[in-house]
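Just so you know, the protein sequences line up as chains A and B, in that order. Note that this note's numbering has the first sequence beginning at 63, numbered continuously upward. Note that this note's numbering has the second sequence beginning at 27, numbered continuously upward. Accompanying notes for the structure given below.
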Amino acid sequence: MRDITIGQYYPARSIVHRADPRFKLVILLLYLITVFFCSSFFSFGFMTFFVLITVFLSRVPFLKVLKGLKMIIVILIITSLLTMVFYTDADATPLGEWWIFKIYLSGIYASIKLGWRLLLLVLMPTVLTLTSTPTELCDGLESLLSPLKKIKIPVHELALIMSIALRLIPTLIEETDKIMNAQKARGAAFESRNPFKKIKAMLPVLVPLFVSAFRRADDLADAMDSRCYRGAKGRTRMKVMKFHAGDVFALLFWCLITVCILFLNYNWLGWYFITVLGL
Amino acid sequence: MIDVRKLSFVYSPKTPFTTQALFDIDLKIETGDFFGIIGSTGAGKSTLVSHFNALTRIQKNSGTILIDDIDLSAKKLDLKKLRAKVGMVFQYPEHQLFDDTVEKDVMFGPKNLGLSVDEQRERAKQAIGLVGLNYNDMAERSPFELSGGQKRRVAIAGVLAMRPEILVLDEPTAGLDPIGKREIMELILNAKNMCPTVVMISHNMDEIAAYCNKIAVLGNGRITGVFEPKELFGSEALLARCGVELPLVTELAVKLSRAGLDIDRSILDEDELVRAILDLRSENNA
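Here you go:
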């Protein structure tokens, strides 16, 4: 059970780790939008270059980042392949033909671009979760969404629920571990292949786990009550989020990249070199 | 017999969170021992004992443990046999209760051993009696409606019902009141008639001093030493070196002796102290 990691924070000292989570979230959003504007191979390469720089700056081992992609690699390959074989281009002659499938050169390009885009879309969020703790992200989100309080959305309460849930995940995993060990010591076998038997075998773990989760919830509620917790009103933070010049600089820098991508895409001024780069 | 040889253990190897919990532990626990393991929090006590029934598997090239003739570092282990032989009572064992009646919960272990229903019931009956509960009252009650002390007894019964030869207890009295503590210790002593070897982790020096015949002190994942109770608690130098506190009884004896009374400083048992004081009084009267 210990191997399950929810949130995959990789502790290291780097400017990406230190950055204000609010800025990281905004940059991520900007980045994701920008990726959708990439259309030429040059713009994909351009984006990839800056993603790699971010990974480098974060001091997370590159293999660790690639591990985050393990989940989507199958989806990525399948979607790319399907795009390639079902792509139709009325103006061009197919490179090859087999049964109902026709392969076009533009189809190959399109599938590579699709795969690349998916890769970029997953890479950056991976870097974000590797470099920020779930709590940081939660606080950042609360701070970013706080204007919604004006229209009576209980942002603070939602964020609190989220952070309590996140906080208790490791505790519950530990608890599960303990209970499983206690039942294993009494000869319980959890290794059965049969799924129905497996669920039945989990019962001696689930019942105590629920009992303890409710006990914990009660204790937590009592503890909050006894410290006069009464929601968001008038509440201050122990860790006040502060942004630094570096955060603003990073945001401006990514804005610049977005502008570059938009230029590459739309070529408003009709520059010749962009036409050459645009593939 | 438990024979630990050069056992090491590392948590989360090859990650940034890696920590070594045990370093080259050598330890021998003989059949018939009431063996105490003490040491500060994080010394590796629980990690060590969780090896004894292979809940924690021995890592590659990290030593070995022999339990009678079973080699725990072997790749293929008969876990069922091992776990029937080594019973493990964890901290707050009442948290493992799950079934709707006490009897069924206690029968869980024997059932996993593949015994017949009659045999399971027979064992449950015996185990519930052994922990000092009335079988007829308890059998059909829900374990969740019992008091804290009763729950703990039922949980211990659940382990004893497997009829282990070695009983390992991780702080069996944590969180109980003094009377509850004493009752649990008495029932462990009672169970020892059936299950000859008992290994107990405890932070309560009075329990360790009164019940154990051998004590291993653990510090930062290493064995500081294995002592007899008189040897450990009788020597201030040794106590200071191991960072161990005196049992309250012994502390009282030491204070009385400092005050000028002729009392042995290595008394480990309340009854012994009372007797010494009474003897002293009758001597003075005479």
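Just so it is clear, CB atoms sit at the ideal spot from N, CA and C, and this is done for glycine as well. Quick caveat: nothing in here was measured; it's all calculated off a predicted structure.
For residue i, is the classification buried or exposed, using 16 other Cβ atoms within 10 angstroms of its Cβ as the cut-off for buried?
{"i": "Y149 (chain A)", "result": "buried"}
{"i": "Q146 (chain B)", "result": "buried"}
{"i": "T233 (chain A)", "result": "exposed"}
{"i": "H306 (chain A)", "result": "exposed"}
{"i": "G65 (chain B)", "result": "buried"}
{"i": "F311 (chain A)", "result": "exposed"}
{"i": "T298 (chain A)", "result": "exposed"}
{"i": "G58 (chain B)", "result": "exposed"}
{"i": "C2 (chain B)", "result": "Not covered by the structure: residue 2 (chain B). The range shown for chain B is 27 to 312."}
{"i": "V243 (chain B)", "result": "buried"}
{"i": "M21 (chain A)", "result": "This structure does not reach residue 21 (chain A), given that chain A is present from 63 up to 341, and the question cannot be answered."}
{"i": "T193 (chain A)", "result": "buried"}
{"i": "S105 (chain A)", "result": "buried"}
{"i": "T45 (chain B)", "result": "exposed"}
Going along chain B in order, which residues have a C-beta closer than 7 Å to the C-beta of residue i?
{"i": "R75 (chain A)", "result": "The premise fails here: R75 (chain A) is roughly 12 Å from chain B at the closest Cβ pair, so nothing lies under 7 Å."}
{"i": "S274 (chain A)", "result": "H121"}
{"i": "V269 (chain A)", "result": "F124"}
{"i": "P266 (chain A)", "result": "F124 and F134"}
Note down the Cα distance separating residue i from residue j, rounded to an integer number of angstroms.
{"i": "I192 (chain B)", "j": "S208 (chain A)", "result": "59 Å"}
{"i": "C322 (chain A)", "j": "H121 (chain B)", "result": "60 Å"}
{"i": "N219 (chain B)", "j": "T199 (chain B)", "result": "20 Å"}
{"i": "N60 (chain B)", "j": "P255 (chain B)", "result": "Going by the sequence as given, residue 60 (chain B) is Phe instead of Asn. Rounded to the nearest angstrom, the two C-alpha atoms are 11 Å apart."}
{"i": "F103 (chain A)", "j": "T141 (chain A)", "result": "18 Å"}
{"i": "D65 (chain A)", "j": "P187 (chain A)", "result": "Note that D65 (chain A) scores a pLDDT of 40, beneath 50, so its modelled location is shaky; the value from the coordinates is reported in the next line. In a straight line, the C-alpha of D65 (chain A) is about 21 Å away from that of P187 (chain A)."}
{"i": "T301 (chain A)", "j": "T197 (chain A)", "result": "In the sequence as presented, Thr is not what sits at residue 301 (chain A); that position holds Lys. For K301 (chain A) and T197 (chain A), the distance between alpha carbons rounds to 11 Å."}
{"i": "G313 (chain B)", "j": "V127 (chain A)", "result": "Chain B is shown only over 27 to 312; residue 313 (chain B) falls outside these bounds and no answer can be derived."}
{"i": "L131 (chain A)", "j": "F78 (chain B)", "result": "39 Å"}
{"i": "C200 (chain A)", "j": "L87 (chain A)", "result": "10 Å"}
{"i": "A187 (chain B)", "j": "D29 (chain B)", "result": "25 Å"}
{"i": "R84 (chain A)", "j": "E204 (chain A)", "result": "9 Å"}
{"i": "R267 (chain B)", "j": "G62 (chain B)", "result": "18 Å"}
{"i": "I319 (chain A)", "j": "T96 (chain A)", "result": "8 Å"}
{"i": "F118 (chain A)", "j": "T110 (chain A)", "result": "12 Å"}
{"i": "G293 (chain A)", "j": "I223 (chain A)", "result": "11 Å"}
{"i": "Y37 (chain B)", "j": "E212 (chain B)", "result": "35 Å"}
{"i": "L195 (chain B)", "j": "K129 (chain A)", "result": "41 Å"}
{"i": "G107 (chain A)", "j": "K175 (chain A)", "result": "11 Å"}
{"i": "I289 (chain B)", "j": "Q176 (chain B)", "result": "39 Å"}
{"i": "S168 (chain B)", "j": "K130 (chain B)", "result": "10 Å"}
{"i": "F35 (chain B)", "j": "M27 (chain B)", "result": "21 Å"}
{"i": "P136 (chain B)", "j": "R149 (chain B)", "result": "8 Å"}
{"i": "R229 (chain A)", "j": "I89 (chain A)", "result": "25 Å"}
{"i": "D284 (chain A)", "j": "L74 (chain B)", "result": "36 Å"}
{"i": "L210 (chain A)", "j": "A221 (chain A)", "result": "13 Å"}
{"i": "Y72 (chain A)", "j": "P123 (chain A)", "result": "9 Å"}
{"i": "F112 (chain A)", "j": "F315 (chain A)", "result": "10 Å"}
{"i": "T253 (chain B)", "j": "S283 (chain B)", "result": "In the sequence as presented, Thr is not what sits at residue 253 (chain B); that position holds Phe. In a straight line, the C-alpha of F253 (chain B) is about 24 Å away from that of S283 (chain B)."}
{"i": "P156 (chain A)", "j": "M146 (chain A)", "result": "12 Å"}
{"i": "F163 (chain A)", "j": "L143 (chain A)", "result": "12 Å"}
For residue i, which residues in chain A fall below 7 Å Cβ to Cβ?
{"i": "M114 (chain B)", "result": "A247"}
{"i": "K101 (chain B)", "result": "The premise fails here: K101 (chain B) is roughly 16 Å from chain A at the closest Cβ pair, so nothing lies under 7 Å."}
Quick one: list the residues of chain A neighbouring residue i, beta-carbon separation under 9 Å, in chain order.
{"i": "A110 (chain B)", "result": "G249"}
{"i": "P42 (chain B)", "result": "Y72, P73 and A74"}
{"i": "K107 (chain B)", "result": "Those within 9 Å of K107 (chain B) in chain A number zero; the least Cβ separation is about 10 Å."}
Please list, in chain order, the chain A residues whose beta carbon lies closer than 8 Å to that of residue i.
{"i": "N138 (chain B)", "result": "R248, G249, A250 and A251"}
{"i": "P79 (chain B)", "result": "It should be noted that the sequence gives Asn, not Pro, for residue 79 (chain B). A247, listed in chain order."}
So residue i contacts chain B; which residues on that side make the cut at Cβ distance below 8 Å?
{"i": "K240 (chain A)", "result": "F116 and H121"}
{"i": "L144 (chain A)", "result": "Here the premise fails: no neighbours, minimum Cβ distance about 37 Å."}
For residue i, would you say it is in contact with chain D, using Cβ-to-Cβ distances shorter than 8 Å as the test?
{"i": "D295 (chain B)", "result": "Checking the listed chains, one finds no chain D in this structure; the protein chains it contains are A and B."}
- Pick out the complete beta strand (DSSP E) segments inside the segment 159-242 of chain B, 3 residues or longer, and give them in chain order. 192-196 and 223-227
- Query: Considering only residues of the segment 67-117 of chain A, which uninterrupted alpha helix (DSSP H) runs meet the minimum length of 4 residues and lie entirely inside it, listed in chain order?
  - Reply: 77-80 and 83-99
- May I ask you to list, following chain order, the residues of the segment 244-261 of chain A that have a beta carbon less than 9 Å from some beta carbon of chain B? A244, Q245, K246, A247, R248, G249, A250 and A251
- Those runs of the beta strand (DSSP E) which lie wholly inside the segment 126-167 of chain A and span at least 3 residues: 158-160 and 163-165
- Item | Members of the segment 171-199 of chain B that neighbour chain A once the beta carbon cut-off is set at 7 Å | G184, V185 and M188
- Message: Please give the ranges of any alpha helix (DSSP H) in the segment 176-237 of chain A, keeping only runs that are unbroken, at least 4 residues long and fully inside the region.
- Response: 196-207
- Between the segment 128-156 of chain B and chain A, which residues of the former have a C-beta closer than 7 Å to a C-beta of the latter? F134, G135, N138 and L139
- Message: By the 8 Å beta-carbon criterion, what residues does the segment 62-96 of chain B contribute toward chain A?
- Response: S76, N79 and L81
- Query: At what residue ranges does the segment 226-310 of chain A contain a whole run of the beta strand (DSSP E), taking only runs of 3 or more?
  - Reply: none
- In chain order, which beta strand (DSSP E) runs of at least 3 residues are fully inside the segment 48-125 of chain B? 60-65, 90-93 and 112-115
- Item | beta strand (DSSP E) runs wholly inside the segment 246-307 of chain B, at least 3 long, in chain order | 248-253
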